[in-house]
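Reviewing the structure listed below.
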Amino acid sequence: MPPRVRRSVEEARTIILDAAEEVLRDAGPAGLRIKDVAERAGMAHPNVLHHFGSREGLLRELTVRTMERITSRVVRAIGKSMLTTPADRVETLARVLDEVYEGDQGRLLAWLLISGRVERIEKPNLEPLVKITHAWRTAAIGPADEDDTRRLILLGSLALLGDAIAGAGMV
5 MPPRVRRSVE EARTIILDAA EEVLRDAGPA GLRIKDVAER AGMAHPNVLH HFGSREGLLR
65 ELTVRTMERI TSRVVRAIGK SMLTTPADRV ETLARVLDEV YEGDQGRLLA WLLISGRVER
125 IEKPNLEPLV KITHAWRTAA IGPADEDDTR RLILLGSLAL LGDAIAGAGM V
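Heads up, the sequence shown is in the numbering used here, so the first residue is 5 and it goes up one at a time.
Here it is as structure tokens:
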């Protein structure tokens with residue numbers, strides 16, 4: 005048995021979530037087992053339960069983390085496009101958004117959301133995304149309604165998720 009390693013709570017949770025993401029990628033939501041996650045994380049089964057309470061708790065936290073990562077990437081992509089000339093913004097934004105679902109993150113998020121096994125999760129904080137998207141729209145077309153920006157974000161999110169599921173051949 006390997007020697008016991010002391011980790012901070014945050015470090016242990018990150019290692020477990022990374023392992024869960026790998027297991028999910030290999031086995032899908034139905035195949036995600038605490039035992040497999042613990043083994044991949046190099047921890048005992050009770051450690052995983054200590055940090056997440058249950059399989060559903062682990063799935064919920066993995067979903068939240070994935071959504072937060074994707075939202076951060078979109079905010080960065082929009083910010084990056086704002087550094088270009090107005091004429092190049094749309095092309096730059098489209099190119100950068102291709103990087104939003106890094107690896108299998110889009111597919112993993114779709115699996116998590118449609119598996120029906122994730123308890124209700126809190127809506128992600130989209131305010132940073134709303135603010136930067138609204139600034140982008142205002143710079144591109146002039147004054148715009150912020151509620152319309154929120155609806156565009158929802159539409160764009162669904163399109164990005166669809167692209168992640170179906171692949172680039174969808175368009």
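Even glycine gets a Cβ: it sits at the ideal position worked out from N, Cα and C.
- Burial check for Thr153: the Cβ neighbour count within 10 Å reaches 16 or more, so the residue is buried.
- The C-beta of Glu60 has fewer than 16 other C-beta atoms within 10 Å across all chains shown, which makes the residue exposed.
- Nearest in C-alpha terms to Thr67, of all of Pro33, Ile82, Arg44 and Pro90, is Pro33.
- Boundaries of the alpha helix (DSSP H) harbouring Asp151: Glu150 to Ala170, taken from the DSSP string.
- As for any alpha helix (DSSP H) of minimum length 4 sitting wholly inside the segment 43 to 75, the runs are 49 to 56, ordered along the chain.
- With contacts defined by Cβ atoms closer than 8 Å, Pro132 and Val79 form a contacting pair.
- Val41 counts as buried, since no fewer than 16 other beta carbons sit within 10 angstroms of its beta carbon.
- Shown here for Gln109: same chain residues with a beta carbon closer than 8 Å to its own, the five before and five after excluded, namely Thr70, Arg73, Ile74 and Ala168 in chain order.
- In the structure shown, Thr89 adopts coil according to DSSP, grouped into three states.
- Close CB contacts of Ile19 within its chain, under the 8 Å cut and outside five residues either way in sequence, are with Arg11, Ala45, Gly46 and Met47 (chain order).
- Under the DSSP assignment, Pro132 falls in the alpha helix (DSSP H) whose first and last residues are Glu131 to Ile145.
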